[in-house]
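End of the sequence shown = 202 in this note's numbering, gap-free, step of one.
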Amino acid sequence: DLSSKMKFRLADINLSVTGKLYNESTLLQTSGSAKDVLLSYDGVDYISNTSLETKTMLEVEFEQMKVLIMQNELLLNRLPLELSGSIEYPADSTFFNLLVKTKESGFENFMAMVPATYSDYFKDVETDGIANITARMKGYYFNDDFPAFVLNMDVRDGSIHFKNMPEKIEKISVDAKVSKPQGDLNLTTITIKKAHAEVKNT
Numbered sequence: 001d002l003s004s005k006m007k008f009r010l011a012d013i014n015l016s017v018t019g020k021l022y023n024e025s026t027l028l029q030t031s032g033s034a035k036d037v038l039l040s041y042d043g044v045d046y047i048s049n050t051s052l053e054t055k056t057m058l059e060v061e062f063e064q065m066k067v068l069i070m071q072n073e074l075l076l077n078r079l080p081l082e083l084s085g086s087i088e089y090p091a092d093s094t095f096f097n098l099l100v101k102t103k104e105s106g107f108e109n110f111m112a113m114v115p116a117t118y119s120d121y122f123k124d125v126e127t128d129g130i131a132n133i134t135a136r137m138k139g140y141y142f143n144d145d146f147p148a149f150v151l152n153m154d155v156r157d158g159s160i161h162f163k164n165m166p167e168k169i170e171k172i173s174v175d176a177k178v179s180k181p182q183g184d185l186n187l188t189t190i191t192i193k194k195a196h197a198e199v200k201n202t
């Protein structure tokens, strides 16, 4: 999207769709993957070198042009997520009401967010702690008017230990939020209430 300086790319896509068509609606079972996902805005890569896998049951209502996410399994670089909600296409705008959250709370799952290109550097890492991510998108998209969203990250009692290093990184805690109201992406704000880690009690 040149006007909004946004780029979104899915490369090496494998997609399968099965289902039954009815007069006014249909149920679709979809599964697929993309080995290289890229999302950039104004020249900054927010997601890159990331893989994506999904298995989803969708209900499509043709009269309202509404897609309901009935069941979903989403793996973002092997990080297990749950996606629920709906997307509507009534006219020239797209309406979103989506919720994404982590299925598991182990801090080790966040290591799956490391792009596959760098995964060898983290294969001998031991982790512990609790971590959760939740994100909601609600509103409409038309031209440069984007829906509101909020992303919350909560990390508690986290630790990371590289086996070839003598000390652990301990007492990792993060309480952060990325949010934006309906409108331009420049309205995005990042709030970090807490960011703490210790190495050998320092």
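Where is the CB? At the ideal position from N, CA and C, for every residue including glycine.
Asked	Found
By DSSP, does N186 sit in helix, in strand, or in coil?	helix
I need the boundaries of the beta strand (DSSP E) containing F95, first residue and last residue.	94-102
Whole angstroms is fine: what's the gap from S3's alpha carbon to F96's?	21 Å
Look at the Cβ atom of A131, then the Cβ atom of F146, and state whether they are nearer than 7 Å.	no
Whether or not the segment 62-72 and the segment 35-50 are in contact is what I'm after, with contact meaning three or more pairs of Cβ atoms, one per stretch, closer than 8 Å; do they touch?	no
Can G129 and S105 be called in contact, C-beta distance under 7 Å?	no
DSSP three-state call for Y121: helix, strand or coil?	helix
Let me make sure I understand the geometry here. Which of M137, E88, D154, L21 has the alpha-carbon closest to that of K194?	D154
So what does Q71 bridge to, in DSSP terms?	M57
What number of angstroms, rounded off, separates the C-alpha of V174 from the C-alpha of N152?	10 Å
Is G19 near the ligand ADP, judged by its Cβ being under 6 Å from some heavy atom?	With respect to the ligand ADP, the structure offers nothing, as it holds no ligand at all.
In terms of residue numbering, what span does the beta strand (DSSP E) encompassing L28 cover?	25-41
With DSSP as the reference, label F146 as helix, strand or coil.	strand
Measure the C-alpha to C-alpha separation of S25 and D36 and round it to an integer number of angstroms.	32 Å
Could you tell me the alpha carbon to alpha carbon distance between M57 and F110, rounded to whole angstroms?	26 Å
Which one of T50, T94, A91 has the shortest CA to CA distance from L74?	T50
Rounded to whole angstroms, what's the CA-CA distance from I133 to V178? Just pull it up for me.	11 Å
Can you tell me the Cβ-Cβ gap for E59 and L68, rounded? I've got them flagged as a contact below 8 Å.	4 Å
Do you know whose CA, among N164, Q29, R156, lies nearest A204's CA?	An answer regarding residue 204 cannot be provided, because it is not within the stretch 1 to 202 covered by the chain.
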